[in-house]
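A.B. asks: This is the structure I have questions about; it appears just below.
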Amino acid sequence: MSLPRVQPINPTALAEPFDHIDFLFEVKHDGFRAVAYINGTCELVSRKRNVYKSFPQLAAAMAVLSVKSAIIDGEIVCLDTEGRSQFSQLVQGLPLQSGSAYPAWKAMSRCRS
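In the numbering used here, the protein residues as written are 13 to 125.
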């Protein structure tokens, strides 16, 4: 089964922070926004719909999640031992270390196994 392609909503920067019950906020990590399409394998796709091929170990780890299929919106980040984003490692195409992560904001579609 082919999964439908989705376009994540672009975040909006504001001059002043605020808090309101009608709004949800997410942490801005210093990484690459990606939608994960999981359907036996995992394909990580950018906002511009390019497939990320530089993160095979992350895709492999996500491919074995306990779901038949899922579409998950998140961000590819590399964290140091203190939990700080190391964007330069992503830009340089260095292999992700054990501190790599994929903070997921929402599951857009899911089918349990």
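Idealized CB from N, CA, C, for every residue including glycine.
Assuming contact is defined by CB atoms lying nearer than 8 Å, are residue 114 and residue 83 in contact in what I supplied?
C.D. replies: Residue 114 sits at position 102 when you count from the first residue of the sequence shown. Residue 83 sits at position 71 when you count from the first residue of the sequence shown. No.
A.B. asks: Please report the distance separating the alpha-carbon of residue 66 from that of residue 104.
C.D. replies: As a first step, residue 66 must be located in the sequence shown, where it is residue number 54. As a first step, residue 104 must be located in the sequence shown, where it is residue number 92. Straight-line spacing of the CA atoms in residue 66 and residue 104 works out to 10 Å.
A.B. asks: Secondary structure at residue 81, three-state DSSP: helix, strand or coil?
C.D. replies: Translated into positions along the sequence shown, residue 81 becomes position 69. Looking at residue 81 - three-state DSSP - the assignment turns out to be strand.
A.B. asks: What residue ranges within the segment 13-87 form continuous alpha helix (DSSP H) runs of no fewer than 4 residues, ordered along the chain?
C.D. replies: Runs of the alpha helix (DSSP H) lying entirely within the segment 13-87, each at least 4 residues long, are 68-75 in chain order.
A.B. asks: Just how far apart, CA to CA, sit residue 33 and residue 88?
C.D. replies: Counted from its first residue, the sequence shown places residue 33 at position 21. Counted from its first residue, the sequence shown places residue 88 at position 76. Separation of residue 33 and residue 88 (C-alpha to C-alpha, rounded to the nearest whole angstrom) is 28 Å.
A.B. asks: Select from 72, 19, 28, 38 the residue whose C-alpha is nearest the C-alpha of residue 51.
C.D. replies: Residue numbering aside, residue 51 sits at position 39 when the sequence shown is read from its first letter. The candidate whose alpha carbon is nearest that of residue 51 is 72.
A.B. asks: Any idea which residues DSSP pairs residue 100 with across the strands?
C.D. replies: The residue you call residue 100 lines up with position 88 of the sequence shown. Note: residue 100 sits in no beta bridge, so no partner.
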